[in-house]
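Numbering (UniProt numbering), first residue to last: 1 to 303.
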């Protein structure tokens, strides 16, 4: 009797996951206006930095000053190095767009571009928008809070380099805070620690087994890896990193995990209980929707 109940319940959950599955756009037409850049086109920069930003008028300047200071210094030392920073204003209600545009005026719109979404899409949706408008051979995701030291890009670049030869030009290098876990646990409440371990278990059990820290916002992708993974991405909010890595593993894209310096910055948009609950639901649905065929992986071609 109990076995029949669990079978029936599991079937209902699978059916709900399949029926409620939503698909994200399979091309970047909604983001392109006129001759706007597209990830489908050949790269014209060495590096694109995508910065998703929602109500970040206070934290964004620190991150931008550090990032642009590093990038400008690197370009002076190596004039062949080219870059762009893409700030995606994710429907902010504060002055995030204005702050970002000041950097565009200072450094030029060719180096700092601002894309504003009318409605809040979530971090995953904002990153996807920036990625689809990128011009770089490599694309770096970087959080607007500046929690990861930007100079650590050299560490994730080394991680990417160590994965060569890249199959079909695809590889991903993830910044990781796993080495800081013991110190962070000492500062957290028992409840938040329990939530963290519960989330890590669900990630391991349902989706990604070989990456200890899937949520660090500092990830470097080759252009081809970004095109293939983000073209199949569906999750728009906090758990999008997990789906991204799940897709990468399904596509057999090599992934490196590299320790980076990280400092917790006040002002996080993550609400401990409800955000973890939403992420847990998303993790379950990621697995079920791919398993039932509601979501499928499709290879894309560059122009």
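Backbone N, C-alpha and C fix where the C-beta goes; we use that ideal spot for every residue, glycine too.
- Burial is judged here by how many other beta carbons sit within 10 angstroms of a residue's own beta carbon; residue 176 has at least 16 and is buried.
- The closest CA to that of residue 61, considering only 91, 143, 238, is found on 143.
- Counting C-beta pairs with one atom in each stretch, the stretch 41-61 and the stretch 119-139 have three or more that are closer than 8 Å, which means they touch.
- For residue 229, the CB contacts under 6 Å within the same chain, skipping 5 residues up- and downstream, are 244, 247, 248 in chain order.
- Under DSSP, residue 113 shares a beta bridge with 86.
- For residue 164, the CB contacts under 8 Å within the same chain, skipping 5 residues up- and downstream, are 171 in chain order.
- Within the model, the alpha-carbon separation for residue 237 versus residue 63 is close to 21 Å.
- Inter-residue distance for residue 72 and residue 223 is about 22 Å (C-alpha atoms, whole angstroms).
- A contact is defined here as three or more CB-CB pairs under 8 Å, and the stretch 110-128 fails this definition with respect to the stretch 148-155.
- Per DSSP, residue 136 is one residue of the beta strand (DSSP E) stretching across 136-141.
- Per DSSP, the unbroken beta strand (DSSP E) holding residue 175 starts and ends at 172-176.
- Residues of the same chain with a CB within less than 7 Å of the CB of residue 212, apart from the 5 flanking positions on each side, are 176, 178, 257 in chain order.
- The shortest CA-to-CA distance from residue 119 to any of 140, 90, 136 is the one to 90.
- DSSP places residue 259 in the uninterrupted beta strand (DSSP E) bounded by 255-259.
- For a cut-off of 8 Å, the C-beta gap from residue 206 to residue 284 is around 6 Å, short enough to register as a contact.
- Residue 203 and residue 209 have their C-alpha atoms roughly 7 Å apart.
- Excluding the 5 residues flanking it on each side, residue 43 has same chain C-beta neighbours closer than 7 Å at 135, 136, 137, 223, in chain order.
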